[in-house]
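Asker:
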Ligand SMILES: NC(=O)c1ccc[n+]([C@@H]2O[C@H](COP(=O)([O-])OP(=O)(O)OC[C@H]3O[C@@H](n4cnc5c(N)ncnc54)[C@H](O)[C@@H]3O)[C@@H](O)[C@H]2O)c1
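Here you go:
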């Protein structure tokens, strides 16, 4: 039997590029669909996947999840692959190129940016997800994994956040779009019986993290000797997930298809913003300058994942502490940007 083909949307992004690697390591074929948009530098996305381009089990499609014809072509095996050094005869037969599973990560992913252009979030995060669900039902996809977000919990009074909690108030257009996409997943499962797993990710960090996100942004400002923006009183608390733990969550979900389930992917631990800053100061070996600013719309005081269901059902077991994760991330950053401790 040939290798199973997985479609990873947004596979050139931060999380997607790590997932592509994990899947190739587990001997899957991977089709990566990404439009390399400029939500941050497309060059970073090119770098994220450069080391897998020559892998014969990896196929890159530069395209948009809003292009429904392209999606049909991918699922029917009719798309024309990009030319590369690999010869045509090495390519798998058309049938083998049809994806049987989808991991859907492509999205407009920034909370802050969603206040500036909320309409794009409806286009990509909602309509794009709906497009993929439509093709998934037409081509009898065996498993659909959707990357959702801790943001859907909004200002949830009860902590830690559990997948069973009622979701009353999303506080950014991004969160509302993700919640809306989750609802479409639920509806499409009900109507067409597509097996769907929703993973609600809690702030993922590590090598290749998006430059707009805390930790990456902080590290880069610290090395540039610039102040880091501290919103509010520094007491906001977050559940941060190191990217290798996040990958464990995805791979465990891949290996255990569900009818329809929602899981939190987090560390199940909290760190206060000020403690995180102290940790960054220690690991970078630089003095951290801070610029204190008011809280912004969309900020939530706490994100905290109840991961008991994920542990119990998927065997998920996050291993990297925030101390270990920040250390690794700073080392990566210094290597990548050729910085040395003074
Ligand atoms: N990073 C986190 O902490 C985090 C937390 C919660 C949820 N998520 C979700 O995980 C997913 C990946 O996040 P990330 O941090 O890797 O973001 P990212 O921006 O690095 O990756 C998203 C990728 O999707 C691609 N993309 C965007 N619109 C597209 C379109 N219309 N067609 C094809 N490709 C498109 C982008 O070019 C990018 O490479 C997103 O769905 C995000 O909402 C991330």
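Residue numbers (the working numbering): 659 to 1000.
Glycine residues also receive a C-beta, built at the ideal position from the N, C-alpha and C atoms.
(1) Given a cut-off of 8 Å, decide if residue 967 and residue 921 are closer than it, judged by their beta-carbon atoms.
(2) Excluding the 5 residues preceding and the 5 following residue 839 in the sequence, name in chain order all residues of the same chain whose CB lies nearer than 6 Å to its CB.
(3) Report the three-state DSSP secondary structure of residue 731 (helix, strand or coil).
(4) Got a sec: does ligand 1 put a non-hydrogen atom nearer than 7 Å to the Cβ of residue 877?
(5) From 942, 897, 912, pick the residue whose C-alpha is nearest to that of residue 931; which is it?
(6) Pull up the distance between the alpha-carbon of residue 790 and that of residue 859, whole angstroms please.
(7) The alpha helix (DSSP H) spanning residue 771 covers which residue range?
(8) Is it true that the stretch 761 to 780 meets the stretch 667 to 677, where meeting means three or more beta-carbon pairs spaced less than 8 Å apart?
(9) Let me confirm a value: residue 719 is counted as buried when at least 16 other C-beta atoms fall within 10 Å, else exposed. Which label applies?
(10) Nearest by alpha-carbon distance to residue 813: which of 987, 957, 668 is it?
(11) Taking the beta strand (DSSP E) that residue 886 belongs to, which residues open and close that run?
(12) Residue range of the alpha helix (DSSP H) that residue 705 falls in?
(13) With hydrogens ignored, establish whether the beta-carbon of residue 667 is closer than 7 Å to any heavy atom of ligand 1.
(14) Does ligand 1 have even one heavy atom less than 7 Å from the beta-carbon of residue 734?
(15) Run the proximity test for residue 808: is its beta-carbon closer than 7 Å to any non-hydrogen atom belonging to ligand 1?
(16) Take residue 803 and list the residues in its own chain whose beta-carbon comes closer than 6 Å to its own, dropping the five residues that flank it on each side.
(17) Mind checking who residue 718 pairs with in its DSSP beta bridge?
(18) Assign residue 779 to one of two classes, buried (16 or more other C-beta atoms within 10 Å of its C-beta) or exposed (fewer than that).
(19) Got a sec, what are the start and stop residues for the alpha helix (DSSP H) residue 986 sits in?
(20) DSSP three-state label for residue 661, please.
(21) By Cβ distance, which residues of its chain are closer than 6 Å to residue 754, with the 5 residues on each side in sequence left out?
(22) State the CB to CB distance for the pair residue 880 and residue 984, rounded to an integer number of angstroms; the pair is presumed to be in contact (CB under 8 Å).
(23) Please classify residue 789: does DSSP put it in a helix, a strand, or coil?
(24) Exposed or buried, which one is residue 864 when buried takes at least 16 other CB atoms within 10 Å?
(25) Only counting the same chain, and skipping five residues up and downstream in sequence, which positions put a Cβ closer than 8 Å to that of residue 746?
(26) Given the structure, does residue 931 come close to ligand 1, in the sense that its CB is under 7 Å from one of the ligand's heavy atoms?
(27) Would residue 687 be called buried (16 or more neighbouring beta carbons within 10 Å of its own) or exposed?
(28) Do you know whose CA, among 825, 689, 835, lies nearest residue 776's CA?
(29) Compute the distance between the beta-carbons of residue 907 and residue 827, then report whether it is under 8 Å.
(30) Relative to the C-alpha of residue 948, which candidate in 884, 903, 915 has its C-alpha closest?
(31) Is it the case that the Cβ atoms of residue 852 and residue 757 are separated by a distance below 8 Å?
Answerer: The answer reads as follows:
(1) Their beta carbons are under 8 Å apart, which means residue 921 touches residue 967 by this criterion.
(2) In chain order, 783, 784, 787 place their CB closer than 6 Å to the CB of residue 839, counting only its own chain and leaving out the 5 sequence neighbours on each side.
(3) Here residue 731 sits in helix by DSSP.
(4) No.
(5) For the residues 942, 897, 912, the minimum Cα distance to residue 931 belongs to 897.
(6) Each residue's CA atom was taken as its position, placing residue 790 and residue 859 some 20 Å apart.
(7) Residues 771 to 774.
(8) The stretch 761 to 780 is in contact with the stretch 667 to 677.
(9) That one is buried.
(10) Considering only alpha carbons, the answer is 957.
(11) Boundaries of the beta strand (DSSP E) around residue 886: 886 to 889.
(12) First-last of the alpha helix (DSSP H) with residue 705: 700 to 707.
(13) Residue 667: yes, Cβ under 7 Å from ligand 1.
(14) No, ligand 1 has no heavy atom inside 7 Å of this Cβ.
(15) Correct: residue 808 has its Cβ closer than 7 Å to ligand 1.
(16) Annotation for residue 803: 761, 855, 911 place their beta carbon closer than 6 Å to its own, counting only its chain and skipping 5 residues before and after.
(17) According to DSSP, residue pairing for residue 718 in a beta bridge involves 690.
(18) Flag for residue 779 reads buried.
(19) DSSP places residue 986 inside the alpha helix (DSSP H), whose first and last residues are 980 to 994.
(20) Coil at residue 661, not helix or strand.
(21) 660, listed in sequence order.
(22) Contact between residue 880 and residue 984 fails: their C-beta atoms lie close to 12 Å from each other, not under 8 Å.
(23) Three-state DSSP puts residue 789 in a helix.
(24) Label assigned to residue 864: buried.
(25) Bear in mind that the predicted position of residue 746 carries a pLDDT of just 44, short of 50, making it unreliable; the figure below should be weighed with that in mind. Nothing meets the Cβ criterion.
(26) Taking 7 Å as the cut-off, the C-beta of residue 931 does not count as close to any heavy atom of ligand 1.
(27) With 16 or more neighbouring CB atoms inside 10 Å of its own CB, residue 687 falls in the buried class.
(28) Ranked by how close their Cα comes to the Cα of residue 776, the residues 825, 689, 835 have 835 in first place.
(29) Taking 8 Å as the Cβ cut-off, residue 907 and residue 827 do not qualify as a contacting pair.
(30) Distances from the CA of residue 948 to each of 884, 903, 915 were compared; the closest alpha carbon is that of 884.
(31) Result no, Cβ atoms of residue 852 and residue 757 do not sit closer than 8 Å.
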